[in-house]
Structures are given as structure tokens and as C-alpha cells.
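This report concerns only the one structure given below.
Residue numbers (our numbering): 119 to 430.
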């Protein structure tokens, strides 16, 4: 447990409160709402939860709850329900000095709590579960109509479009988990970045993005689950496919991390910047290549991470 609350200046807390209020109000902007709700605001909240005791943390959470309500002049719990559980999960793991994987997983667990709370809030606002499900069905019908118009515009056969829709629906759990893990990691990264500048002891166990790697067990699990999914059927097969997609996404992250590791070792700063820009611009076209690199790194440890003498 970190004992930093007593020597933390009050000025720092009020700066954090002001930043939280600004971010909470800015979350109503249509363009920046996603970045603010899922990355910036949870990172700032997690910082407050780590740096201050529960009384100051409760005040910060209340500011996130009340600020959007005062601006929009009507109750809006979405900002509070999305950000607070994620930040609380991250801060709880960070205070206990857990590793990066555990901390990101705690953030994902907080996001799942957020989804549950948002569902309950939606049911209460709609006047019941059936009315809420009817609203969701109406939104889905609009999405399907838009997709049908796009298929007709690009002259794509309806059978192929239906197959793509079914495939997308079957992979929704994996997509949600991967996006949740990405948001959790980014919030953790930026929170830790500020904590590092404040010389907080927690950052000593933080692993940079360029050193993220998969273990052999993860690589073997991808192979085993993929082979089993070829012979399975029904719900079990869909669950295995979603699990394979999640693990494959992690291998992709490890492969991209490997590329960043070697790019950072280039001495020429302009050349590093150019290569990073190329990597980000071609990230979707080279996703399978990064996945393969992460796959191989799990077996042969290309970067030789963890083979040197361990620091005391």
C-alpha cells in the first residue's frame, strides 16, 4: 500500500478536480466523447483514486456525476457509470502493486460492471426490460437498414452481406473484450505516465509497451483452441472462436510491441518518427504480420526480455 495521501498538497487535488470537471463537461462533445469517456476521464479519476484517500476520491467521483448534469440540465448517469468503475478497478490494482496484466484485467472487470450498471439504468429509464429491449431492437433495425443500403450501393450480394452480419454478431463478445482491454490499458498507461512524473513508487513495476510479450502458454493455447474449434459446433464453437480472437488480438499487440522495441533502438530521431508513422498508417494492412511476429516472439523471445540479470 502506498502511503502518499498525507504529504500530497491540496493544490494538486483541486487541479485534478478542475480537470475532471472540464473533462466531464467535454464528454458531451460528439467528436471527442469516446476518447474522453473511455481513456482521459478514467485515467484522471484513477490518478485521484491512487494519490488521495477515500474522502477526496468520493469528491472526485461526485464531480464526475454532477458536472454533466449541471451542464445539460437533466440527469445523465452515463458518464459516471462508464468512468468510475473502470477507474476504481485500475486504482485498486495499482494500490496493491499488481502487475500490468492483472491491472488491465481489473480495468476490464470494472468496464463489465459499467455495462451492467448502464443496462440496469436503461431498463429503469425505459420502464422495464421489455421496453428497453424493444428500443434496442429498433436501433438494430436502423443499423440493418443502413447496412442494406450500403450493400446495395456497392452491389454486394445479399447472401454475402448476411454472412458478414452473422459473423460480426458471433464475434461481438471478443470485440467488446478487445476494445475494453485496449481502453483499460490506455487509461492505465496515461495514469501511470503522470504518476511517474510525481515519483510514485508504483511505477517501478510498470512494463513499457515495447516490452509486452506473450508466454509460450498463450501461443500454445491459440493453437489448441483453434484446432478444437474446427471440430466443435454450436455455442461451444462460437465461444472457442471468440477466445481465439481475443488471444490473437493479444498476439497482434505483442507483435506490434516487438516492432516498437526495435524501432526505439534506432539512434536517428527523424528516422524513428518516420518509421512509427509508417507503422501506424499500415497497421491494419500488416495486422497478420504483427500477429505472426508476436506468435514467434512467444516461442523464441526475439527481444531477449527477461534473460538478463534481474534488478534488486
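Quick reminder that beta carbons are idealized off the backbone N, C-alpha and C, glycines included.
- The three-state secondary structure of residue 352, taken from DSSP, is helix.
- CA-CA distance, residue 347 to residue 285, rounds to 15 Å.
- For a cut-off of 8 Å, the C-beta gap from residue 239 to residue 253 is around 13 Å, too long to register as a contact.
- In the DSSP annotation of this structure, the continuous segment of the alpha helix (DSSP H) that includes residue 230 starts and ends at 218-244.
- Counting C-beta pairs with one atom in each stretch, the stretch 169-188 and the stretch 348-356 have fewer than three that are closer than 8 Å, which means they do not touch.
- Residue environment for residue 160: buried (at least 16 other C-beta atoms within 10 angstroms of its C-beta).
- Buried is the label assigned to residue 303, since at least 16 other Cβ atoms lie within 10 Å of its Cβ.
- Cβ-Cβ separation between residue 375 and residue 331: approximately 7 Å, consistent with a contact (criterion under 8 Å).
- Fewer than three pairs of CB atoms, one per stretch, sit closer than 8 Å, so the stretch 216-225 makes no contact with the stretch 252-268.
- For residue 273, the secondary structure class from DSSP, reduced to helix, strand or coil, is coil.
- Around residue 138, the same chain offers 159, 162, 163, 166, 178, 181, 182 and 185 as residues with beta carbons nearer than 8 Å, after the five sequence neighbours per side are excluded.
- CA-CA distance, residue 280 to residue 291, rounds to 19 Å.
- Closest option to residue 306, judged by alpha-carbon separation, among 146, 406, 156 and 387: 156.
- Our two residues, residue 406 and residue 136, have alpha carbons roughly 43 Å apart in a direct line.
- Contiguous alpha helix (DSSP H) elements confined to the stretch 265-309 occur at 276-288, taking only those with 4 or more residues.
- Per DSSP, the unbroken alpha helix (DSSP H) holding residue 167 starts and ends at 159-169.
- Inside the stretch 384-408, DSSP marks whole alpha helix (DSSP H) runs of 4 or more residues at positions 387-399, from first to last along the chain.
- Taking all protein chains in view, the Cβ of residue 268 is surrounded by fewer than 16 other Cβ atoms within 10 Å, so the residue is classified as exposed.
- Straight across, the Cα-Cα distance linking residue 221 with residue 189 is about 33 Å.
- If you draw a straight line from the Cα of residue 337 to the Cα of residue 326, it is about 21 Å long.
- Put simply, of 288, 242 and 210 the residue whose alpha carbon is nearest the alpha carbon of residue 227 is 210.
- For residue 198, the enclosing alpha helix (DSSP H) has its first and last residue at 196-213.
- Per DSSP, reduced to three states, the secondary structure at residue 382 is coil, with no helix or strand assignment.
- The distance from the Cβ of residue 154 to that of residue 145 is about 5 Å, consistent with a contact at the 8 Å cut-off.
- The beta carbons of residue 343 and residue 361 sit about 5 Å from each other, so the pair counts as a contact at 8 Å.
- Excluding the 5 residues flanking it on each side, residue 196 has same chain C-beta neighbours closer than 7 Å at 236, in chain order.
- For residue 377, the CB contacts under 8 Å within the same chain, skipping 5 residues up- and downstream, are 397, 408 and 411 in chain order.
- For residue 296, the CB contacts under 8 Å within the same chain, skipping 5 residues up- and downstream, are 363, 364 and 367 in chain order.
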